[in-house]
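>
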Amino acid sequence: TSRGIEVDAFPRREDLEGLVADLTERFERVATQLGRAKESEVRELLRNLAGQTVDGALLGQAGTFHIPAFTRIEPYRSPDGRIEVDALGEDGERWIIEVKWRKKRVGRGELGQLIERAKQVQARPWCISQAGFTSEATAYAADHGILISDANDLAALERAAS
Numbered sequence: 001t002s003r004g005i006e007v008d009a010f011p012r013r014e015d016l017e018g019l020v021a022d023l024t025e026r027f028e029r030v031a032t033q034l035g036r037a038k039e040s041e042v043r044e045l046l047r048n049l050a051g052q053t054v055d056g057a058l059l060g061q062a063g064t065f066h067i068p069a070f071t072r073i074e075p076y077r078s079p080d081g082r083i084e085v086d087a088l089g090e091d092g093e094r095w096i097i098e099v100k101w102r103k104k105r106v107g108r109g110e111l112g113q114l115i116e117r118a119k120q121v122q123a124r125p126w127c128i129s130q131a132g133f134t135s136e137a138t139a140y141a142a143d144h145g146i147l148i149s150d151a152n153d154l155a156a157l158e159r160a161a162s
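Anchor point for the sequence shown: position 156 equals 156 in full-length UniProt numbering, and the numbering is continuous, going up by one each time.
1. With three or more C-beta pairs closer than 8 Å as the rule, is the segment 111-128 touching the segment 10-19?
2. If you draw a straight line from the C-alpha of T1 to the C-alpha of R105, how long is it?
3. What is the C-beta distance between Q130 and K100, in whole angstroms, given that I count them as a contact (C-beta under 8 Å)?
4. Is R12 buried or exposed, if buried means 16 or more other CB atoms sit within 10 Å of its CB?
5. DSSP three-state label for G51, please.
6. Is it a yes or a no for the segment 67-74 touching the segment 88-102, going by three-plus beta-carbon pairs under 8 Å?
7. Would A135 and G60 qualify as a contact pair, given that the criterion is a beta-carbon distance under 8 Å?
8. On the CB-based measure, 16 or more other CB atoms within 10 Å of its CB, does D15 come out buried or exposed?
9. Give a yes or no on whether the C-beta atoms belonging to V54 and A142 are separated by under 8 Å.
10. Return helix, strand or coil for D22, following the three-state DSSP convention.
11. Starting from E158, trace the alpha helix (DSSP H) both ways and give me its first and last residue.
12. What is the residue span of the beta strand (DSSP E) that T119 lies within?
13. From R109 to T138, what does the alpha carbon distance come to, in whole angstroms?
14. So, are the CB atoms of C127 and E84 less than 8 Å apart?
15. Let me check one thing: in DSSP terms, what residues is S129 bridge-paired to?
16. Around the Cβ of R26, are there at least 16 other Cβ atoms within 10 angstroms (buried) or fewer (exposed)?
17. Could you say which of L49, G63, A62 and W95 lies nearest to G76 if we only look at CA atoms?
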């Protein structure tokens, strides 16, 4: 007993399960909101980088890299609903951008799915991953011309834009 509140030494399993379920639901909701905020940040970043030349390493490329001055950068969903990406940038050249803001590294399979969507909308794919990429994904990106950036690369791009 502590200040008139009686607490069992070991909480009941049902109580713990309820608390865990509640915390899991809250975490998933916040993670979804954070992901949407990051997607919006990336669209704004592309607007701010329009026409600039950046270090290609920040996009998984050698040398320097020219960022197009997109006339439109918006979330995209195909008319049939089968293709959905976090952003589609257009200016004659097209890019699709997928943001994976989570603790798990992006693997080769996810990049394979991204390149298939890119082919369908005739766009260059760019994947941004908070946790980075597996070694297989990095090799796959290099072999298939996929732009890739991790959280550190994104922070450097944000500094270059300001």
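The beta carbon of each residue, even a glycine, is placed where N, CA and C say it ideally should be.
The structure says:
1. no
2. Confidence is the limiting factor: at T1 the pLDDT is only 46, short of 50, which leaves the residue's position unreliable, though a coordinate-based value still follows. The straight-line gap from Cα to Cα measures roughly 46 Å.
3. 7 Å
4. exposed
5. coil
6. yes
7. It should be noted that the sequence gives Ser, not Ala, for residue 135. No, the Cβ-Cβ distance between S135 and G60 is not below 8 Å.
8. exposed
9. no
10. helix
11. A151 to A161
12. Here residue 119 is Lys; the residue named in the question, Thr, does not match the sequence. Here K119 belongs to no beta strand (DSSP E); instead the alpha helix (DSSP H) covers R108 to Q120.
13. Looking at the sequence shown, residue 109 is not Arg but Gly. Computed Cα separation, rounded: 11 Å.
14. no
15. K100 and D150
16. exposed
17. Going by the sequence as given, residue 76 is Tyr instead of Gly. Comparing Cα-Cα distances from Y76 to each of L49, G63, A62 and W95, the minimum goes to W95.
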